[in-house]
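Residue numbers (this note's numbering): 38 to 1220.
To start, the structure itself, in structure tokens.
Structural data, given as structure tokens:
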């Protein structure tokens, strides 16, 4: 079989006759060029590099960055949006690779029709296209389609690329605030001895923590990091001071037995000797003659060494043997056994590394010593600490807890310093172990370190400075998930290889004169392609199977002719095809998705919208959909699976949109009015971006295309929004649980009434505890807070709290607090009177008139004159004093409950006169009140961040509850405060102090009254806690409490409301647009065949007069196909037409015998222009 070609003489005669210039092909796919493909390859490489860079940053810094609400959508939507944009542009490359494949095959032919004119990659499924392209060796198509699939997978996996996890992030050079330094003078130390003693009592017996800046062994610089989150772990370099003792065992030589201060005292005078120090005349004190045993810590001075350098701590334990005799004979007394230590003091400056939580007190920090050296402080030596440590608290008023905890033998007590050392070391209340050197040394050193640590802490200077440390912060960080990362990198690498193959195989040749996606371009080419036209005559209504049967096995190729591109066939007899009759009936081609499939898809989308709304409500109602873990593989369930569903919906709409855009020009031709060539044959919605299609559809009034293109454009955002639809969020979990009240306190019925004999020590000890809080800023003891005394709570026996770290429980309990009933007394009632002291010229006393309150009804039953102060040298200053007394019982034969009253008198003096004065006379009552408390688990502790909240409306007075005596003088251990007693001193200088100027300001009376009442309630709360709780009646039934446990570290899968609403809106818009597009144009009844191959479009034109008219138009080479004035008045139709070109179109339903052929044809006023169609057809065939 020979190739059919046109001779040169034929070309020349045609050109000469019609004056036609040579028309070379000018169209080449704009995206299918090496430069464009190289840009995509570079983009793929940049994305790979960016992914690996982000991964390295994530690995090195425990995440890329911290995430907050404002940046949530950036890292969820961002990667998917970028890849979706790349995929959108790549779809043009894929389309043009599919579109150009038949034309490249024709250009390099001859090839069988199956590889060119019958070839259709455009409408096939992508996997089938790859298989067919590889079979036909169309590697550009295979690579382009494969790359498109890779990009879809990239979009899906990008939704799981980043995950939000709470991780520990280490930060360097974090600013830490320092609040003190050690600029200590020896002269100030002794004045802090009592305060240091109080702190040790509070820590040992009231469960109070050490103050910030101190531990049991040393003092350190206070620090805080308020700018960091409360759960941050900070590490900061600080300085510390530690006083220590280096003890040597001393030889003991008895010198005598001097008499003590009392007849029961037993003293022994000894000399102590060590290799480095001798101390003479040391007194060893026994408990009594009856119990000749004792232990002592005392100050000693090395012989022949003066000053602090020779000062030592002497620790002894001793036991005497006494033979009873009538006379006090020293020979009958012997030192049976003894242990003596001479301890040299040292003062060390330490460099420490402190580690603590930002929210915790610095006293709870963990310390790592870095280095230490002898401290060199200008005003302090190691020996200066001994005296205040051993005897700085001698002026105490008593009532300290150690005083009731130091008994070791019968009714006898150990020395206070020794007893504190024994409690610090956990030694038993027995002196016997102290005869072991190691035990005695441990007790001595422990006491000395603890006491001196508090002295150094109290004597420090307040100094604000900033240093820099490290912090480990728990942050929600964006992490790169490894599996999506590696999959994406592999896909992108494969994409680069595929692009390399495309760059290698792509041809720079042009394919045709015009873009063949337009019907008019096929008309132009078919006008030159008589071989193909003759092969397809009578096949307009044929299916692709019939056309395939007709053309299969034929060889076609393209050639440039003077009239433009032509598709030529191998030489053969056209009449061989006459036996192939046209189809007997018209069968419409139904592209997928058909009408039924589209309807089903719309129903599914409506169900997805409903499901999203239902799941959102479940998520909001249950604080999440389900409990999850940070398992990386589970992370993919809520990212990749929803994204895959949205990709399927996007593919569904893309297929529907492609069918609509592909068939839109043909659908317009099938209308009874036909269509202008501009809006049909000269229109294509295939080879452009979606935005261009939208403008084109609006301009040509193709509203079905507009609807489906908008829907597909909306689908562009589906996967992007889905990437932020679900997230793992820390959501507290609430769990109801039973708790038990340990004991019946503070049930008023359980509190014991006033005892017949006053237990002053037990009642007043709570005042000393309150002093620790007001003076040393210590926290409240367990089960007290501010002015509330709370019941002790125990967990239910079946509840395990060990696994509930960082959890807390909220419980409603009944609390007890003081309710002072007060009467305000003004100057007129008080009648203040300042008089001079007897036998004095410069000292004065102040008396006032006060009411005497009745115990029964808190009313005045008389007056009495009360001395406020005496022996004072007066000047212009503020003053404040409190007076304590029992209430008045007018009926001695019928005594009522014992109640205590206090008067609080304050004002301002102007030299020797009273400028202002006010008094508050209060009777002590108690009340119960409901309070909501939050306890931190597992220790059931009240934290400063969430103090108890009382319900003031529930306060109920309980007048029968005994309120311990209010002896505020116990607060005072110093000689005096300037014109104030201890109560008013703490009112001014305590933890909740008010300005001293308020005492003399008449307009601040209400503020002073509130401060007084608060301090009364706070102090009394500690008395209730120490005295009333211990004496409560345990036989009262215990209350069962219901608590609500909150566990914050629960990870829940949460559906994002914003993403849900956006997604629902997009899906709803797509649903409406999809239905609208299907109603406007039903793609099931447009054509009898798929128009995506050259042969399919040519079959609709082979019998048309349009081909003959286009042949004449080609005499005007400057005009685009069918765009000249030659066709200006023409309207095109698609339907049945007889062979005589009658102007009456025939419908599809016309009988087969009369309906002619199915084709695209013209209807115009050609006769008026005298155009001879038959002659023109003859002329064309002779070309």
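Glycine residues also receive a C-beta, built at the ideal position from the N, C-alpha and C atoms.
Rounded straight-line distance, which links the Cα of residue 910 to that of residue 871: Here residue 871 corresponds to residue number 834 of the chain shown, with the count starting at 1. Here residue 910 corresponds to residue number 873 of the chain shown, with the count starting at 1. Looking at the two C-alpha atoms, the distance is approximately 12 Å.
Coil, strand or helix - residue 786 by DSSP: Here residue 786 refers to the residue found at position 749 when the chain shown is read from its first residue. Correct three-state label for residue 786: helix.
Three-state secondary structure (DSSP) of residue 1218: Against the chain shown, residue 1218 aligns to sequence position 1181. Caution applies to residue 1218, whose pLDDT of 42 falls short of 50 and renders its modelled position unreliable; the model cannot decide the point.
Helix, strand or coil at residue 525 according to DSSP, with G and I counted as helix: What you label residue 525 is simply residue 488 of the chain shown in a count that begins at 1. In the structure shown, residue 525 sits in a helix (DSSP, three-state: H, G or I).
CB contact check: residue 437 to chain D, cutoff 8 Å: The structure shown has no chain D; it contains just one protein chain.
Chain-order list of residues whose beta-carbon lies under 7 Å from that of residue 1090 (same chain, five-residue window excluded): Position 1053 of the chain shown holds residue 1090. Sequence-distant partners of residue 1090 (beyond 5 residues in either direction) whose C-beta falls short of 7 Å from its own C-beta, in its chain, are 661, 662, 663, 665, 675, 763, 765.
Endpoints, the alpha helix (DSSP H) within which residue 1105 is located: On the chain shown, position 1068 is the one that residue 1105 refers to. Counting along the chain, the alpha helix (DSSP H) containing residue 1105 begins and ends at 1094-1117.
C-alpha gap between residue 538 and residue 509, whole angstroms: In the chain shown, the residue the question calls residue 538 occupies position 501. In the chain shown, the residue the question calls residue 509 occupies position 472. Straight-line Cα distance between these residues: approximately 50 Å.
Exposure of residue 632, with buried meaning 16 or more beta-carbon neighbours within 10 Å: Against the chain shown, residue 632 aligns to sequence position 595. Exposed, since its Cβ has fewer than 16 Cβ neighbours within 10 Å.
Contact the segment 1080-1094 vs the segment 703-713: 3+ CB pairs below 8 Å: no
Cβ neighbour criterion (16 or more within 10 Å) applied to residue 1277: No statement about residue 1277 is possible, as the shown extent of the chain runs from 38 to 1220 and does not include it.
Backbone CA spacing between residue 594 and residue 126 [nearest angstrom]: One-based indexing of the chain shown puts residue 594 at position 557. One-based indexing of the chain shown puts residue 126 at position 89. Taking the straight line joining both Cα atoms gives about 31 Å.
Ordered list of beta strand (DSSP E) runs contained in the segment 423-458, each at least 3 residues: 444-446
Candidates 84, 970, 68, of which the one nearest residue 135 by Cα: Counted from its first residue, the chain shown places residue 135 at position 98. The shortest C-alpha separation from residue 135 is found at 68.
Integer Cβ distance of residue 813 from residue 329, believed to fall under 8 Å: Within the chain shown, numbered from 1, the residue matching residue 813 stands at position 776. Within the chain shown, numbered from 1, the residue matching residue 329 stands at position 292. In fact, because the Cβ distance is near 39 Å, the residues do not count as touching under 8 Å.
Cut-off 6 Å between Cβ atoms - residues of its own chain near residue 408, not counting five sequence neighbours on either side: The residue you call residue 408 lines up with position 371 of the chain shown. Setting aside the 5 residues that flank it on each side, residue 408 is surrounded in the same chain by 388, each with a C-beta closer than 6 Å to its C-beta; the list follows chain order.
Delimiting residues of the beta strand (DSSP E) encompassing residue 626: Working through the chain shown from its first residue, we reach residue 626 at position 589. First-last for residue 626: undefined, no H or E at that position.
Alpha-carbon to alpha-carbon, residue 552 and residue 71: Translated into the one-based positions of the chain shown, residue 71 becomes position 34. Translated into the one-based positions of the chain shown, residue 552 becomes position 515. Their Cα atoms are separated by approximately 19 Å.
Inter-residue spacing [alpha-carbon to alpha-carbon] between residue 907 and residue 454: For the purposes of this step, residue 907 is taken as residue 870 along the chain shown, with counting starting at 1. For the purposes of this step, residue 454 is taken as residue 417 along the chain shown, with counting starting at 1. So the two alpha carbons sit approximately 36 Å from each other.
Euclidean distance between Cα positions of residue 1000 and residue 1067: Taking the first residue of the chain shown as position 1, residue 1000 is located at position 963. Taking the first residue of the chain shown as position 1, residue 1067 is located at position 1030. Straight-line Cα distance between these residues: approximately 14 Å.
Contact the segment 1015-1033 vs the segment 1044-1057: 3+ CB pairs below 8 Å: yes
Buried versus exposed call for residue 868 [16 or more other C-beta atoms within 10 Å across all chains shown]: Position 831 of the chain shown, counted from the first residue, corresponds to residue 868. It is exposed - the Cβ of residue 868 has fewer than 16 other Cβ atoms within 10 Å.
Close Cβ partners of residue 1015 (< 8 Å) along its chain, the five nearest in sequence each way excluded: Residue 1015 sits at position 978 when you count from the first residue of the chain shown. So the list reads 914, once near-sequence residues are dropped.
For residue 664, the residue or residues it bridges with in DSSP: On the chain shown, residue 664 is found 627 positions in, with the first residue counted as 1. In DSSP, residue 664 forms a bridge with 1089.
Cα-Cα separation between residue 431 and residue 231, rounded to whole angstroms: In the chain shown, the residue the question calls residue 431 occupies position 394. In the chain shown, the residue the question calls residue 231 occupies position 194. Whole-angstrom Cα-Cα distance: 8 Å.
4-residue-minimum alpha helix (DSSP H) runs that sit fully inside the segment 837-892, ordered along the chain: 864-867
Own chain partners of residue 339 with C-beta closer than 7 Å, once the 5 adjacent residues on each side are dropped: Position 302 of the chain shown holds residue 339. Within the same chain, residue 339 has close Cβ partners 314, 315, 316, 347, 349.
C-alpha gap between residue 610 and residue 151, whole angstroms: Residue numbering aside, residue 610 sits at position 573 when the chain shown is read from its first letter. Residue numbering aside, residue 151 sits at position 114 when the chain shown is read from its first letter. Because the pLDDT at residue 610 is just 48, under 50, the model does not fix this residue reliably, and the value given afterwards should be weighed accordingly. Answer to the nearest angstrom: the Cα atoms are 20 Å apart.
Buried versus exposed, by CB contacts within 10 Å (16 or more), residue 545: Your numbering for residue 545 matches position 508 in the chain shown. It counts as exposed.
Residue span of the beta strand (DSSP E) that contains residue 763, given as start and end: Within the chain shown, residue 763 is the residue found at index 726, counting from 1. First-last of the beta strand (DSSP E) with residue 763: 763-767.
Cβ neighbours of residue 173 in the same chain (closer than 7 Å, five flanking residues each side left out): Within the chain shown, the letter at position 136 stands for residue 173. Once the five neighbours on either side are set aside, the close Cβ partners of residue 173 are 152.
Range covered by the alpha helix (DSSP H) that runs through residue 702: Counting from 1 along the chain shown, the entry for residue 702 is found at position 665. Unbroken alpha helix (DSSP H) run through residue 702: 677-706.
Residue 583 in three-state terms, based on DSSP: Residue 583 sits at position 546 when you count from the first residue of the chain shown. Three-state result, residue 583: helix.
Validate contact between the segment 1099-1110 and the segment 754-761 using beta carbons, cut 8 Å, 3 pairs: yes
Burial state of residue 444 (16 or more Cβ within 10 Å): Locating residue 444 in the chain shown gives position 407, where the first residue counts as 1. The residue is exposed, with fewer than 16 neighbouring Cβ atoms inside 10 Å.
The segment 642-660 in contact with the segment 713-730 per 3-pair CB rule at 8 Å: With a cut-off of 8 Å on Cβ pairs, the segment 642-660 is not in contact with the segment 713-730, counting fewer than three such pairs.
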